[in-house]
Structures are given as structure tokens and as C-alpha cells.
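Engineer: Following this message is one structure expressed as C-alpha cells.
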Amino acid sequence: MNMHRRRSRQRGLSFYGLVFILVLLLAGVVIGGQSVPIFIEYLSAKRAIEKAKLAGPADAVRAAFDRTAQVNDIRSIKSEDLEITEHGGQVVVSFKYERAIALGGPAYLVYRFAAQTH
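Numbers 1 to 118, taken from full-length UniProt numbering, label the letters of the sequence shown in order.
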């Protein structure tokens, strides 16, 4: 009779594996929770310049953007930050800006945004 039986290897997630996965999920939720409003604001700013370019000259474009920014709570970019040019008789409005999320200590997650009307 064989006294030494082979034990089958246990399968599954260890406690440390579970903790590791939970930490990763928590980090994803925290970063995602801070990133979603930043992307929503960027999309609002893009829509605002598309709408503002129809206002006409540069001063009217800036005023239209300010009105839309106030309603849509756009805080990352001001009308003074807009680059307004004219190409082929059409007004072209563009902007560039950065937003950073502090991850901890000296680490930051930086988003760089740029948009231009056509």
C-alpha cells in the first residue's frame, strides 16, 4: 500500500492576491473618479468653442465662450486662453491646456488637452 499520497495543488486566490487586486481596483476607482470630470469639462470646452466660433469677430467669440463657460462650469480655460485666427474667411478657435491629478507625494497624472474648430 502506498503511504505517500500526492496532494493536489490548491488553486484559488490567496489572501495577499486578494488584497493586491483590491488595492488595484481601489486605485482605478479613485483615479477614474477624478478623471471623468476632467474629460467632461474638456468635451464641454470643445462644444463651447464650436458654438462660439459662429459669433463672428474675436471679441464676440470670447464673449460667447465666456457665457457658455459660465453655464457649463468650465474653469480650466478662460476666453483669454483662446487662440482665434482666420483662415480662408472662416474663424478658427483653438486652445491648449493641462490638468494634473495628484497621485501621492511627487507623483502626478497629467492630462494635456488641445482642440481646434474646423
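Where is the CB? At the ideal position from N, CA and C, for every residue including glycine.
(1) Quick check on this structure: which residue in Glu-41, Arg-67 and Val-93 has the alpha carbon closest to the alpha carbon of Arg-99?
(2) When you compare only the Cα positions, how much space is there between Ser-44 and Asn-72?
(3) Taking all protein chains shown into account, decide if Phe-15 is buried (16 or more other Cβ within 10 angstroms of its Cβ) or exposed.
(4) Determine contact between the stretch 87-107 and the stretch 52-68, defined as no fewer than three beta-carbon pairs at a distance below 8 angstroms.
(5) Just grab the DSSP bridge partners of Thr-68 for me.
(6) At what residue ranges does the stretch 27-85 contain a whole run of the beta strand (DSSP E), taking only runs of 3 or more?
Structural biologist: The relevant details are as follows:
(1) Out of Glu-41, Arg-67 and Val-93, the CA that lies nearest to the CA of Arg-99 is found in Glu-41.
(2) Their backbone Cα atoms lie some 7 angstroms apart in a straight line.
(3) The residue in question, Phe-15, is exposed, as its Cβ has fewer than 16 Cβ neighbours within 10 Å.
(4) Contact between the stretch 87-107 and the stretch 52-68 is present, with at least three C-beta pairs closer than 8 angstroms.
(5) Answer by DSSP bridge pairing: none, since Thr-68 is not bridged.
(6) Fully enclosed beta strand (DSSP E) runs of 3 or longer: not present.
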